[in-house]
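Same order as they appear, the protein sequences are chains H and F.
Number 770 in my numbering belongs to position 458 of the first sequence; there are no gaps in the numbering.
Number 2 in my numbering belongs to position 12 of the second sequence; there are no gaps in the numbering.
Structure record follows, encoded as structure tokens.
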Amino acid sequence: MELIEHLSLGFQVAFTAQNLLYAFLGCLLGTLIGVLPGLGPVATIAMLLPTTYALPPTAALIMLAGIYYGAQYGGSTTAILVNLPGESSSVVTVIDGYQMARKGRAGPALASAALGSFFAGCVGTLVIAAFAPPLTEVAFKFGPAEYFSLMVLGLIGAVVMASGSLLKAITMILVGLAFGLVGTDVNSGVARYSFDIPELTDGISFVAIAMGIFGYGEIIANLSVPTHQREVFTDKVTGLMPTKEDFKRMFPAVLRGTAIGSALGILPGGGALLSAFAAYTIEKKSRLKPGEIPFGQGNIRGVAGPESANNAGSQTSFIPLLTLGIPPNAVMALMVGAMTIHNIQPGPQVMTSNPELFWGLIASMWIGNLMLVVLNLPMIGLWIKLLSIPYKWLFPAIVLFCAIGVYSENNNTFEIWMVAIFGVLGYVFHKLACEPAPLLLGLILGPMMEENLRRALLLSRGEWSVLVTRPLSASLLAVAAVLVIIVMLPAVSKKREEAFVED
Amino acid sequence: MKINSQRDFTAGLLFSAFGVAFAWGATTYNVGSGARMGPGYFPLIVGILIAVMGVLITARSFITHSEDGDPIGAIAWRPLGFIIGANLVFGVLLGGLPGIGLPPMGLVVAIYALTLIASLAGDQFQLKGVLVLATVLSVGSYLAFVVALNLQFPVWPTFITG
């Protein structure tokens, strides 16, 4: 049993006192920041990235994975208690979760989210461990043309399944690609778009872009709407445990959510968001048992299903990253950036050249999920206290952490000027309703796409047709084209708009 | 011709302008040919694609349906100015600005300045509370980043520490 062998290697790595501590710290910090309203996982990870600079690579990645899960879970807590989704993937949790909280059942809602997520996390970890090695085999058969086409498919997939305007999303990817090209060209040594600024010859720091656009941009947007009183259910959380009846209802929902999430998470762009939406839609379509509360009024299945799905999805979205080195969503794009900072080039070679890191990371995903249950249920009181901190105390602190974080990347104030520029740009994107997540994907993939295209065209002596004459590459591009066509069909595009406006 | 989405109209124009500028920039490098791609080849393609997409988005802004013209709305100058300003002042104070002879003032001074300026972005400002917050953040950042994580910061002004 290779699977067991691999996993036991992973657990040996993850079960050292040091790595357990970092997993714990990551979950704690992630939840701490993620629970704050208006901060999604991307901003949270970008903010906390500097805390991992000093660690050895394995510990750093384990801690980052912990931060990611923590941020996800913190977002659900905020969704249930404040009716404010901290991130897009908990948008559907709000619907029934908040209604449960209003009826004094915040405890069971939070517990079902935690337990469902834990179960989904366990399954997701197994799925990764089972699917990663065969996919890595496939990845080694890929030539540059296939890689280029795969990235095109990944990017198209990411925008097709995201919400909002398709045209604008594709353009945002291209703008991200453009930003990614700034800096020294590896082949010719020419410094591109550096305007004779020495710092720019190393390229634009993705931390500065992520913090500026996702951190500052969001703060400015939040502050531009007048403060309104939020209803926070701080004192009504009593009786955490769901009743026996609750368990009976949520269990099948958790199973369905996990299955949907695990499957959709692997798809490019799928990840947490789409999984949660799909799971909620399916729960809503299924028939209500006699005596069950209707959906939208506090049905526990409406919390358990999407929460399991979003956790399974965020788990399995590691698969394309770890096996192919291609980030399927903005959070994974940040993980690529984090890996590069620690001198790890994500891709199929990680598993063979660095098995401790690879399997250690996978094992610590499971540990991270366990810690979330251990951490969140007893500490729920603390998170609720955090929720009642007024925004006027929070946002200066967030601005500060972004500034410190970006400075500490290179100990250079230049990065602080960059984050200011991207903060303004983030606000412009917000005003023009341009979703910024695709930009981050393009930014990370830009240099990789250029390099693979260069190699592919070099081998084919400049024939672009190589992209369609190699069967594997052609089929990847065909899938991408089909996706675009399907989404542009009037009937589908109408449905797509409806699917993302669910209330 | 009526613009049905002000946001799309503006976004498209901005994208087109950026794309053209980026593509023009690419031509200042050696473009080369497909078999021997120069440093300008890929950026040129990206720039042209962005420009084309921008035109499409602008064109679409005339045909989409919207009730209210999808306006951009007022620009929140106050938060925009104070948040970005706080960030810039933080950088200037932390690292100093040799151009005007300002020495690095260090982390603590920079945190007080950032907190004070950033707080002005909100609509409720109380000096006392902000000072308490700045003190908490200074102590917390010193302990977390300098003591615990051992990151390198100038903590105090250089004319004190020498």
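Note that beta-carbon positions come from the ideal geometry of N, C-alpha and C, so glycine has one too.
Remember, predicted model here, so these are calculated numbers, not experimental data.
CB-CB length for residue i against residue j, believed under 8 angstroms
i	j	result
residue 9(F)	residue 47(F)	Between residue 47(F) and residue 9(F) the Cβ distance is about 11 angstroms, and since that is not below 8 angstroms, they are no contact.
residue 370(H)	residue 649(H)	The Cβ separation is near 17 angstroms, so there is no contact.
residue 643(H)	residue 365(H)	That pair is no contact at about 19 angstroms.
residue 524(H)	residue 731(H)	4 angstroms
residue 516(H)	residue 750(H)	Going by Cβ atoms, the distance from residue 516(H) to residue 750(H) rounds to 17 angstroms, so no, they are not a contact pair.
residue 569(H)	residue 591(H)	4 angstroms
residue 755(H)	residue 358(H)	Actually they do not touch by this definition, with Cβ atoms about 12 angstroms apart.
residue 716(H)	residue 128(F)	About 11 angstroms separates the two Cβ atoms, so there is no contact after all.
residue 554(H)	residue 420(H)	4 angstroms
As assigned by DSSP and simplified to three states, the class of residue i
i	result
residue 761(H)	helix
residue 344(H)	helix
residue 27(F)	strand
residue 816(H)	Beyond the ends of chain H as shown, which are 313 and 815, falls residue 816(H); an answer cannot be given.
residue 515(H)	coil
residue 659(H)	coil
residue 87(F)	strand
residue 92(F)	strand
residue 532(H)	helix
residue 537(H)	coil
residue 595(H)	helix
residue 746(H)	coil
residue 557(H)	helix
residue 146(F)	coil
residue 365(H)	coil
residue 322(H)	helix
residue 782(H)	coil
residue 691(H)	coil
residue 777(H)	coil
residue 601(H)	coil
residue 772(H)	coil
residue 477(H)	coil
residue 336(H)	helix
residue 485(H)	helix
residue 141(F)	coil
residue 755(H)	helix
residue 664(H)	helix
Close beta carbons around residue i, own chain, < 6 angstroms, minus the five adjacent residues each side
i	result
residue 623(H)	429, 432, 433
residue 408(H)	610, 611, 614, 615
residue 527(H)	355, 714
residue 598(H)	none
residue 685(H)	426, 430
residue 561(H)	612, 613
residue 336(H)	683
Unbroken alpha helix (DSSP H) run spanning residue i, endpoints
i	result
residue 743(H)	726 to 743
residue 678(H)	667 to 688
residue 14(F)	-4 to 17
residue 638(H)	From DSSP, residue 638(H) is part of no alpha helix (DSSP H); its letter is neither H nor E.
residue 714(H)	703 to 722
residue 463(H)	456 to 472
residue 118(F)	117 to 131
residue 801(H)	Per DSSP, residue 801(H) belongs to no alpha helix (DSSP H) and is neither H nor E.
residue 449(H)	418 to 452
residue 618(H)	613 to 628
residue 381(H)	369 to 394
residue 413(H)	403 to 414
residue 351(H)	Where residue 351(H) is concerned, there is no enclosing alpha helix (DSSP H), given that its DSSP letter is neither H nor E.
Residues bridged to residue i (per DSSP)
i	result
residue 496(H)	503(H)
residue 22(F)	27(F)
residue 699(H)	Bridge partners of residue 699(H): none, in fact.
residue 315(H)	According to DSSP, residue 315(H) bridges with nothing at all.
Own chain, CB closer than 7 angstroms to residue i, minus 5 neighbours either side, in chain order
i	result
residue 468(H)	792, 795, 796
residue 40(F)	5, 8, 9, 12
residue 51(F)	-7, -6, -5, -2, -1, 2
residue 482(H)	471
Same chain, Cβ closer than 8 angstroms to residue i, neighbours up to 5 away in sequence not counted
i	result
residue 136(F)	97, 143, 145
residue 739(H)	528, 529, 532, 533
residue 367(H)	334, 375
residue 788(H)	458, 461, 462, 464, 465
residue 331(H)	325, 370, 371, 374, 672, 676
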